[in-house]
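K.L.:
Structure provided below as structure tokens; questions to follow.
Protein chains in written order, with my numbering: chain A, 2 to 812; chain B, 18 to 180.
Listed below in structure tokens is the structure:
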């Protein structure tokens with residue numbers, strides 16, 4: 002795990018104002034005037050004019066001359082041998098250009114298998130057998146979308162069905178082997194541990210109170226409103242592959258394509274244009290992408306592949322699917338002393354998560370959360386089942402949602418078990434502000450935090466004590482009202498190169514800034530926004546550092562030919578990594594600008610000081626050169642012996658992760674007749690360190706909260722015993738609409754990250770991570786007196802109604 | 018598959034094209050007319066990304082054949098700022114941060130336009146129900162509601178000013 006000492010190595014001369022201890026405020030810091038619009042301003046987004054006028058450019062909007070269309074034949078079985086594929090009728094259809102099978106990919110250089118991001122393997126197209134329902138079986142290339150869709154109906158595949166294994170506990174028995182391509186005939190993939198087993202066992206053994214619970218965090222799907230897709234355009238004359246792709250990580254994908262296909266990396270250009278939401282679902286490489294690229298290679302024409310929603314829901318990476326058994330210990334004083342967790346991770350037919358390679362269970366060991374305890378031990382086992390592969394995030398930093406749900410549920414169960422108020426119990430057990438940087442029992446070093454500050458603020462906003470009184474009165478009348486708290490700790494910004502890589506590529510990220518002679522700028526990044534507003538926020542960071550108006554800075558991402566290499570946008574890593582790189586690159590420019598200013602003003606550098614947008618002579622502010630004047634001089638009158646121009650690039654390797662946090666309080670009323678849970682109020686206090694744009698942060702929190710509500714109450718990918726997906730359309734997989742989504746009430750505290758150049762931590766996923774246990778805790782809080790200890794999410798009216806009926810509340 | 022010649026008005030312009038009977042209106046708009054502001058997000062009429070106005074009413078254009086639009090007056094997102102200035106709904110979405118990835122936005126705005134025509138002075142609850150056929154995965158809807166409230170007020174005051 003990262004150590005504090007390591008932080009000092011990187012860019013120490015540029016990382017201004019960094020200290021280990023920070024204080025908390027609730028005031029957003031603004032240092033620049035509105036015309037510059039640096040950090041802290043509620044700047045309207047620079048990207049919006051094109052979106053509100055229908056002028057965005059998404060992958061399906063790309064139309065190239067002579068373009069062909071691809072559609073995919075998918076398996077109707079979760080597990081079956083393929084006896085034969087007869088595509089002759091399809092090939093005879095007018096407009097059908099080619100049918101691509103696993104055999105064709107094998108002949109093209111063993112492209113029928115590909116590596117996953119977890120160094121496992123996954124079929125691109127099968128030859129012998131299929132291992133999940135809706136698996137890609139072969140692809141049809143045709144002159145139109147409609148002909149391709151017709152033609153897949155004319156491909157006849159002869160299957161011999163095999164037994165499916167849907168339940169991961171059954172899979173562990175190895176009676177049905179999912180991956181018989183592997184040498185070891187077992188469904189068990191990996192075992193992973195964190196923490197200290199002996200110390201934890203001792204703490205549990207001596208504890209005054211131990212609570213134990215089984216929790217299932219169900220399989221869900223990110224369901225960005227834009228599905229995945231690609232336009233591949235191979236130019237035979239140039240031996241060049243141009244790819245438009247729904248990619249959250251275009252550079253990493255370029256490298257994967259080069260390694261898999263053997264095409265030289267400089268002959269591959271990946272363009273990730275406007276992306277209609279990602280949430281982790283556009284991090285993996287799916288078979289469809291590879292087949293589409295091969296189709297263009299084979300036909301020599303541009304080929305477009307756009308998933309249907311049902312294909313997206315049925316075959317693309319899922320999230321979660323963790324079966325957890327947790328035990329929490331407390332001493333006589335009601336202090337949490339230890340946590341023991343065993344978890345089974347249902348990986349589906351391949352380990353195709355997108356975790357850093359040393360972390361098969363992601364950052365799950367953050368699961369001691371916001372609480373100071375002596376010992377913890379975590380064990381996770383990965384297992385294959387005949388379900389689609391995945392294990393990506395769902396707006397979550399590598400399995401942190403699972404960790405937070407478990408610790409926040411267990412904390413609530415312990416508080417109730419001890420007869421303590423859940424808020425007071427948390428306040429008593431929090432890591433205190435003076436304990437930061439805090440070394441957790443599973444090896445993390447939390448950078449900064451003020452957990453009691455956030456919870457107290459949330460309690461004040463919602464008038465917590467009055468709600469408890471009201472609950473007492475309502476319960477006396479037989480009404481069911483519950484109050485749920487979640488005081489979560491996130492861990493984002495992967496990550497320090499010492500520990501974090503994906504397929505060996507270190508998880509730094511990058512920024513390149515070029516200031517033009519007229520003082521306007523172009524900035525390019527290795528990340529890729531999917532709605533987060535990078536074009537605005539990155540410009541604000543640079544504006545803050547250099548005093549250039551943020552409107553004068555054009556931000557570009559997503560074209561691997563022009564952007565500096567980076568690992569992309571997921572896991573709330575853009576601000577912690579590329580946002581830091583933006584500040585660092587700007588500081589390099591500023592250092593050069595100072596030399597130019599000294600030359601222009603004919604003074605020594607030591608005589609100059611920075612003031613918002615200019616260098617001025619100390620004690621003589623009239624003698625100054627603005628950044629625009631300096632930029633012009635960099636091309637017209639730079640000092641002899643100095644390189645012309647004003648630009649810089651920075652590859653930022655973060656010294657540690659960042660640890661955003663917050664406290665949420667949810668109030669629910671339950672209809673005794675129907676089991677319907679109504680969210681009456683939901684207060685969310687988030688602390689993501691320094692805020693770049695409060696409007697965008699609010700938007701991120703609203704969206705994240707709604708994606709926390711979704712799995713808490715509505716969403717679950719369900720399979721029958723044969724492995725058939727029963728939730729493969731939006732008619733069955735229920736996304737919250739404006740009617741279900743509450744009016745979120747937001748509050749904030751600001752505790753900067755001590756090691757991040759601008760003190761920011763990242764925010765996009767905190768609410769998705771923090772919200773589900775607040776809702777679940779509220780529902781259980783309403784029902785605890787009836788003997789209810791736990792309800793697995795999604796908390797549907799049926800589940801609640803059944804509990805009410807079983808407990809004699811309704812009939 | 019039979020082909021049909023259809024004539025309709027789209028964003029004020031009359032167009033005549035020959036289409037297959039099965040061509041969905043959304044594909045006709047996006048591919049035959051190259052108006053790619055209208056998006057596709059599902060295959061079950063659930064998400065509303067493809068919402069356009071047909072004779073003033075919001076319609077999910079993935080669930081209507083192009084031939085059914087014969088003689089109709091269709092408005093897509095591209096029509097809203099045609100005069101050179103943003104429509105109050107576009108302004109509202111920009112001012113209030115009513116969008117993030119932008120993919121649901123055109124459908125959401127067209128749905129809201131149809132809704133406001135029927136409910137010029139809506140309550141928050143009416144707005145929420147009014148756009149419940151349109152899914153957004155990014156914003157959590159709160160700021161979309163504010164954007165529509167902004168537009169409603171602006172349209173109301175413009176109307177009052179015009180009287």
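Where a beta carbon is used, it is the ideal one built from N, C-alpha and C, also for glycine.
For residue 49 of chain A, return the contacting residues in chain B, with the cut-off set at a CB-CB distance below 8 Å.
P.N.:
110, 111, 116 and 119
K.L.:
Nearest chain A C-beta to residue 123 of chain B closer than 8 Å, yes or no?
P.N.:
Residue contact check for residue 123 of chain B against chain A: a CB pair falls below 8 Å.
K.L.:
Does the segment 626-640 of chain A come close enough to the segment 596-605 of chain A that 3 or more CB-CB pairs lie under 8 Å?
P.N.:
Yes, the segment 596-605 of chain A touches the segment 626-640 of chain A.
K.L.:
Does the CB of residue 58 of chain B have a neighbour CB from chain A at under 8 Å?
P.N.:
Yes, residue 58 of chain B lies at the interface with chain A (some Cβ there is under 8 Å from its Cβ).
K.L.:
Using a Cβ cut-off of 8 Å (strictly closer), state whether residue 740 of chain A contacts chain B.
P.N.:
yes
K.L.:
Could you give the residue range of the beta strand (DSSP E) that holds residue 650 of chain A?
P.N.:
648-653
K.L.:
Do residue 28 of chain B and residue 108 of chain B count as a contact pair if the criterion is CB distance below 8 Å?
P.N.:
The answer is no: Cβ separation not under 8 Å.
K.L.:
Buried or exposed: residue 251 of chain A, going by 16 or more other Cβ atoms within 10 Å of its Cβ?
P.N.:
With 16 or more Cβ atoms within 10 Å of its Cβ, residue 251 of chain A is classed as buried.
K.L.:
Identify, in the order they occur along the chain, each residue of the same chain with its Cβ nearer than 8 Å to the Cβ of residue 538 of chain A, setting aside the five sequence neighbours on each side.
P.N.:
576, 580, 693, 694 and 697
K.L.:
Strictly below 7 Å CB to CB, what residues from chain A border residue 148 of chain B?
P.N.:
739
K.L.:
Which term fits residue 536 of chain A, buried or exposed, when burial requires 16 or more other beta carbons within 10 angstroms of its beta carbon?
P.N.:
buried
K.L.:
Name the DSSP bridge partner or partners of residue 324 of chain A?
P.N.:
A:217 and A:345
K.L.:
Residue 310 of chain A and residue 153 of chain B - do their beta-carbons sit closer together than 8 Å?
P.N.:
no
K.L.:
State the beta-bridge partners of residue 726 of chain A as determined by DSSP.
P.N.:
A:720
K.L.:
In the DSSP assignment, the beta strand (DSSP E) including residue 105 of chain B goes from what residue to what residue?
P.N.:
Per DSSP, residue 105 of chain B belongs to no beta strand (DSSP E); it is in the alpha helix (DSSP H), 105-112.
K.L.:
Can you tell me which of the three DSSP states residue 94 of chain A falls into?
P.N.:
coil
K.L.:
At 7 Å on the CB atoms, spell out the chain A contacts of residue 167 of chain B, in chain order.
P.N.:
Here the premise fails: no neighbours, minimum Cβ distance about 13 Å.
K.L.:
Of the residues that make up the segment 220-252 of chain A, which ones have a beta carbon closer than 7 Å to any beta carbon in chain B?
P.N.:
The residues in question are 224, 225, 226 and 227.
K.L.:
Work out the CA separation of residue 156 of chain B and residue 115 of chain B for me, nearest whole Å.
P.N.:
7 Å
K.L.:
Just mark residue 416 of chain A as buried or exposed, buried being the case when its beta carbon has 16 or more other beta carbons within 10 Å.
P.N.:
By the 10 Å Cβ count, residue 416 of chain A comes out buried.
K.L.:
Using DSSP with H/G/I as helix, E/B as strand and the rest coil, what is residue 690 of chain A?
P.N.:
strand
K.L.:
So which residues of chain A does residue 23 of chain B contact, with C-beta pairs closer than 9 Å?
P.N.:
Within chain A, no residue comes near residue 23 of chain B; the closest Cβ sits about 17 Å away, beyond 9 Å.
K.L.:
For residue 334 of chain A, does the three-state DSSP call read helix, strand or coil?
P.N.:
Three-state DSSP puts residue 334 of chain A in coil, outside helix and strand.
K.L.:
Let me confirm a value: residue 3 of chain A is counted as buried when at least 16 other C-beta atoms fall within 10 Å, else exposed. Which label applies?
P.N.:
Because the pLDDT at residue 3 of chain A is just 39, under 50, the model does not fix this residue reliably, and the value given afterwards should be weighed accordingly. Flag for residue 3 of chain A reads buried.
K.L.:
Which residues in chain B have a C-beta closer than 8 Å to the C-beta of residue 732 of chain A? List them in chain order.
P.N.:
61 and 63
K.L.:
Let me see if you follow: with CB-CB separation under 8 Å, is residue 306 of chain A close to chain C or not?
P.N.:
Of the protein chains in this structure, namely A and B, none is chain C.
K.L.:
Return helix, strand or coil for residue 260 of chain A, following the three-state DSSP convention.
P.N.:
helix
K.L.:
With DSSP as the reference, identify every bridge partner of residue 621 of chain A, one or two as the case may be.
P.N.:
A:618
K.L.:
DSSP on residue 49 of chain B, reduced to helix/strand/coil?
P.N.:
helix
K.L.:
Helix or strand or just coil, what does DSSP make of residue 590 of chain A?
P.N.:
helix
K.L.:
Identify which residue in A:385, A:401, A:381 and A:346 has its Cα closest to the Cα of residue 371 of chain A.
P.N.:
A:401
K.L.:
Terminal residues of the continuous alpha helix (DSSP H) containing residue 69 of chain B?
P.N.:
No alpha helix (DSSP H) contains residue 69 of chain B, which is instead part of the beta strand (DSSP E) from 68-71.
K.L.:
So residue 68 of chain A contacts chain B; which residues on that side make the cut at Cβ distance below 9 Å?
P.N.:
Ordered by position in chain B, no residue passes the 9 Å Cβ test against residue 68 of chain A, which lies about 11 Å from the chain.
K.L.:
Just to confirm my understanding: we take residue 677 of chain A, look at its own chain, exclude 5 residues before and 5 after, and list those with CB closer than 8 Å. What are they?
P.N.:
671, 798 and 801
K.L.:
Hey, is residue 744 of chain A's beta-carbon within less than 8 Å of any beta-carbon in chain B?
P.N.:
Using beta-carbon distances, residue 744 of chain A counts as an interface residue toward chain B, with a partner under 8 Å.
K.L.:
CB residue 485 of chain A to CB residue 759 of chain A, shorter than 8 Å?
P.N.:
no
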